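Accompanying notes for the structure given below.
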Amino acid sequence: MSIQSETGAELQVERQTMEVDIACVGFGPAMGGFLTTLTRAWNENPAETAFESKVSPGIPLQVLCYERADDIASGVSGVVTRGAAIRQSFPDLNLAEIPMAAAITSERLLYLLDPIGASRRSRLCHIKDAVLRKLGPFLGVRDDAFHMPWTPGFLHKNGGLVMSMGQFNQWVGSQIMASGLVQIWPGTPVTRPLFAGGAVTGIRLADQGVDKQGCPGEDFMAGMDVRAQLTVVGDGPYGAIGQALNEKLGMPQGNAKHEWALGMKMLIELPPENLADSDRPSPLKPGTVWHTFGYPEPEIFGFLYVHPDRLVSVGIFVPSWMSDPSRTAYRYLQHYIQHPALWKYLKDGTLRSWGAKSLDESGRRGEPFLTGDGFARIGEGSGSTNILTNSGVDEAWTTGTQLADAVLELLRARKPFTHENLSATYESRRRASAIEAAAREAEHARDGFQSGMVRGLMGMAIAGLSGGRFSLNANIPPPYKQIHHAKAYFAEDIKAKDAAALALMDGRPLHDALLTARGWPEIPFDGRLLISQQDALLMGGKVQALPGFADHVVFRNAGLCIDCEDKTCIAMCSGQAITLSADLMPVFEREKCVHCGACVWNCSQSADGERGNIEFRAGAGGLHSAEN
Amino acid sequence: MTNELHIVVCAGIAPDPLQTLEPVTGATGPGLKNEMMLPAILDPWAASALFEAANLASRFPGSKVWLVSLGPKAKLQQVMMTVAQKAIFELVPIDAPIGGFADAHATAGALADAIAALPGLDREKLLIFGGWESATRGAGVTLQLVGERLGITDQFQGVDQIDLHDDGSFEVLERVEGGKHQVSRCIGAPAVLGWATGNLAEPRNNPQTGMANMRTIMPALQKAKLATLTANGLHYSSVSLPKQQRTTRVVKDRSPDEIAAEIVAWIGAN
Amino acid sequence: MVESILVLTHADENGMLSQASLEGVTAGKDLSVGLGAPLVIGVVAVNGSLATSLGFGNARVLCVADEALAQSRYASDAAACEALCRAAHASIVIVAAGSRFTRVAAGVAFRLGGLIDTHITSINVSASGEGRSIEVTRSFYRQRIEAVLSRDARPWFLLIDAGTHAAFTGDGPVGEVEDVPVELPSLRTQVLGLRAPQQNALTIRPEAKLLLVAGAGWTKKQADGQTHAAEAGDLILGFLRNTGASLGSSKSLVDQGGDGGPVLPFLTHMNQIGQTGSMPRHAKGLSTCCHGEEPHVVGWRFIADRRAISLDPNCGWARGKADVVYVADAFKVMAKVNEKLAAANEANSAVAAPDRDFQRSQEVDAAVLV
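Protein chains in written order, with numbering that gives the first Met the number 0: chain X, 0 to 627; chain S, 0 to 269; chain P, 0 to 369.
This is the structure:
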């Protein structure tokens, strides 16, 4: 029994142990699908002997789910999903029961021109933009946006839903809890799996009452060991359990989690006149979905989803293949919402909420070992996201339901949760399903982006239109190698260290100074929607970290960090939780961390040639917003 | 056993304090915009009371803690998912509308009725705990009204500490003006204590505590009685956000010495 | 509705009416004039003649006097107030918030079959129909929402916030005082006394003109990558010594005690100001190393003149929550402030010796509190 401290030293402590049948890690859509399916079958006949506990005979099956966030409603995502699997689980789904949910009413694809001239566009891009501007009146270019006359079918979410992930999770979680069969515990980080040989025998909860380095304080409470017959891992793409399993077991041949994107969004309440203006009826009806590309940088994709009650989710995706080391999501998002095509509707709106999350963009190629003795993996961390259709929620939900069906089959057959049995029931269901087929089609769809935006779009189109038969394949390097070092970007422009000095002197974030130095205009703060990132954290993001937990972001090798000229971890930290000290060492503040995971893949340094120099462990706290 | 206690903690739920609140007036009177969507917490003062109760109960074997809470069932369930790992208690939920605009007298009536109906409750061991304020209505009267309804006239407000003696008597520290405490000695239960923050740190999440609590919490929630709160002739003419915008002068690019001189002059001015 | 008004007051440890009680009398007088309604002053005291030595104009004065009422205790105070209310038969009962009557007001209202509203900041009279009606203003959700409300039921108890009305100073000659008998219940509680923090730990000074608020920035890593909690503590305590200011804190700073982080040992949750803390009253407030977020700033409601020192030019203070924001390093500024204050104090003491006015005023501040 040990505590993992910053130095890796282990401290012997006594731990309580609890025996359960099924321990679940992470409550998101995948776990929602798993627990919904499991409890529904269980509820039909609670007395069925299959649902008797194996670890405590005579009482019902003991199923526990632990979630890191302080509330199960704290999930971060404005979501557009086809929702087919969700509807299948809830055939009588009444969207009015889920706040902020709406059926999709229209979808559009927009190419955004750069109205400012600060975006780093290639020569080809400039030529294309010039043509569009020239022919604008004939092609339907308005407000510096080219409204694509046709949206490829693979991007359509026909019959789908616009939702708030937080509200959806809360709705699902309430129903699961109301069954009384399963317990879900938020605010409970899980640090690592328990192994016995190659088998997973449970999980260890985080120590409490420790200092930032994990050393016990006066009110220390050692994290409990929860021993389980089956551990269900649904802790997302950078969850501690998933990461530990990958380290222990490695990845299947040819698979790796090398592609990422940071999704950052705002939830904005529109001013009422947009909908009341009868002369110019707003297109922003509930269920409206816009996908955009081209601005604020060519590599950055964006979205706008309209919820009921004049609420709009607006956000951008900053991908790992955007090689610029100073990729800076919050400032980019502020420029994005001010693009004329969006600003005409968003102006005078009010920021209601804000959030960020890293997305596993490796898709099928990021799939880890799905099962082993005593464990099974579901959801985004299991590689379920479809990177061609940009959809993950319904796919994650599906993997959860598939595992539940498998678990039910094994419980009824009184078979243990061995690798063989889980593989035969869960993996086989997954392999035979439509999401697997679609994921395989999408497998190489994004490879082209390694060679730039234009090739990337071509690659997506080829893969999408050929059903995955053709694609522009590429070898995807680890994320740290995808970041081009700062010198290349700043040689003619501004030196990173100068910007760092400026940032320190002026008390402003590093990335802010860098973007201003590059010609992006200062943000005209209006106190409602255009606000500083710190204000977004306080007003819209609502970040909090419970005391008594160790820092969960750890810099493995301080020397590498100090010598690093890129400091991309600082530029991409969504919560400004990583700042720069005078000795050029990044400093982490747990109280500001939104657990977006961007630092995991926005580190340009590596000591071992695969992993970045930043370790992201299990941690408590994060966003307190149910509207995300 | 002299010091076996029956502690009933009255605790409301409140919007997570980090949320932005905006009033709206609906068909049933004022409320908060998106009230059911806002994440909720156990009211911070009541939470102090619960943790103090659990601490006392753990020190005096045979003691028991009830948590009587009034709010929408779904919200109570959500809050219990966080609270139930922190202290051992038996939940007594009362399913009622959410919000700080409900009348305190009606709330107190529902709470007092629920307490009076608790099976096995011994008045001679009874301490009623709660917060002396709340993050919602914040009237600071509900506990007194509950106490009066139950005929308890030893009441303390703004309590930061209770020390129980072997003879069943106890000393209480109540907050009074000027950062001081009034020290009182009461010969024993029953009594009402409205807690300020107390001195205990928030207990750590203990999964075994949670497991034990949930076995009773979920059935209790399922059986929660629906309470209707009367308005008692309370009329709201308006609910609004206070206007507190000032014209701020932002002083930049001045040396610490210059700023210090200005501040010292400001402190000295009338 | 024909109204009549009772103001419940009590004597302080000197036998005179407490400050809160005098504020309540003003509120009652104002309302009496506004409604044209008769006014009764009810006094709870050990010695009735001392407590009623002020003239109350044409108000009727009732007094409950008993040795047991020397102590601020629920059972005896509730019985005394109940007796006054039953003698006065008032439809409106005004109580000014102080720890003593805040404890009992709701219970008394219940005994009278009445209803109570609290934290009232203003009582407004308006003409309605045939007569005049009363509405009161109070806040909900820790000062974040303001409501104007009224009630049909009577008696209606109004617990007004301290400081919302001026203290009554007397109106004409001392009038007749009617003694009201009270039968006290058996008293199970004894007040043993007051306990104050040690003199050197005293940081909360309600009488001070100035409030200093320390935010979490004091214990964060500074530009050199290190924390400087000890230095922060010295600067803050030095400022308090030099000015006699009261010390408040943001929640995030007092919460750090449990986080293993650097802590300022003289801060407790009693210092916390804001939504889940206190709302003190001081003429001036200086915020340091605090972001000025809304849940904290609601606690500044009664701070008239506000200034802040913050490194962030976009902090909440700069957006309409303070009158002046200094964008600067509080460590550097406060060191200079302390230097200047110490020098000024030394100069003053040299001039004023042997009276040492400044030092004495600090001692008086402390004496009020201990």
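From the three backbone atoms N, C-alpha and C, an ideal C-beta is built for every residue, glycine too.
Predicted, not measured: the structure shown is a model, and the values here were computed from it.
If you keep only unbroken alpha helix (DSSP H) runs of at least 4 residues inside the region 320–399 of chain X, you get 328–336 and 339–345. If you ignore the 5 residues before and after L111(X), its C-beta comes within less than 6 Å of the C-beta of A144, T291, G293, Y294 and H338, all in its own chain and listed in chain order. For Y73(P), the enclosing alpha helix (DSSP H) starts and ends at Y73 to A87. Counted as a single uninterrupted DSSP element, the alpha helix (DSSP H) harbouring E440(X) occupies residues A433 to A441.
Note that the region 165–173 of chain X touches the region 56–75 of chain X; at least 3 beta-carbon pairs, one per stretch, sit closer than 8 Å. Using a 10 angstroms sphere on the CB of W149(X), the tally of other CB atoms stays under 16, which defines it as exposed.
Burial check for D178(P): the Cβ neighbour count within 10 Å stays below 16, so the residue is exposed.
When Cβ-Cβ separations below 8 Å define contact, R203(S) makes contact with chain X. Here the alpha carbon of S98(P) sits roughly 11 Å from the alpha carbon of W131(S). Per DSSP, the beta bridge partners of Q182(X) are L63(X). Around the Cβ of P180(P), a 10 Å sphere holds fewer than 16 other Cβ atoms; the residue is exposed.
Boundaries for R194(P): no alpha helix (DSSP H) harbours it, while the beta strand (DSSP E) harbouring it runs T188 to R194, taken from the DSSP string. Beta-bridge annotation (DSSP): P22(S) is paired with L31(S).
Between G97(P) and chain S, the shortest Cβ-Cβ separation is below 8 Å. DSSP assignment within the region 84–170 of chain P yields the following whole alpha helix (DSSP H) runs of 4 residues or more, N-terminal first: 98–110.
Contacts between F524(X) and chain P, judged by CB atoms closer than 9 Å, involve N313 and R318 in chain order. At least one CB atom of chain S sits nearer than 8 Å to the CB of D218(X). Apart from the 5 residues on each side of it in sequence, V43(P) sits with its Cβ closer than 6 Å to the Cβ of H9, V63, L68 and A79 in its chain, given in chain order. A52(S) is not a Cβ neighbour of K124(S), given a cutoff of 8 Å.
Selection Q142(P), F301(P) and V24(P) evaluated against F55(P) yields V24(P) as nearest (Cα-Cα). The beta carbons of Y479(X) and S603(X) sit closer together than 8 Å.
Your pair K156(X) and R81(X) checks out as a contact, with CB atoms roughly 5 Å apart and the cut at 8 Å. Here G267(S) is exposed: its Cβ has fewer than 16 other Cβ atoms, across all protein chains shown, within 10 Å.
Within a 10 Å sphere around the beta-carbon of G152(X) sit fewer than 16 other beta-carbons, which makes this residue exposed. DSSP places V179(P) in the coil class of the three-state scheme, outside both helix and strand. In terms of Cβ geometry, T398(X) and A83(X) do not form a close pair [threshold 8 Å]. If you compare the alpha carbons of G216(P), D328(P) and V45(P) with that of P255(S), the shortest gap goes to D328(P). Counting along the chain, the unbroken alpha helix (DSSP H) around W600(X) starts and ends at A597 to W600. Contact annotation: A105(P) and Q143(S) have beta-carbon atoms nearer than 8 Å. Along the region 218–293 of chain P, the alpha helix (DSSP H) occurs as fully enclosed runs of 4 or more residues at 228–242 and 250–254, listed in sequence order. Here DSSP, grouped into helix, strand and coil, assigns Y237(X) to coil.
Listed in chain order, the positions of the region 195–222 of chain P with a beta carbon within less than 9 Å of a beta carbon of chain X are A215, K219, K220, Q221 and A222.
M79(S) sits in a helix when the DSSP states are folded into three classes. Secondary structure at V171(X): helix, using DSSP grouped into helix, strand and coil. When T242(P), G276(P) and R153(P) are compared, the shortest CA-CA separation from I4(P) is found for R153(P). Contact between the region 89–100 of chain S and the region 62–71 of chain S is present: 3 or more CB-CB pairs across the two stretches fall below 8 Å.
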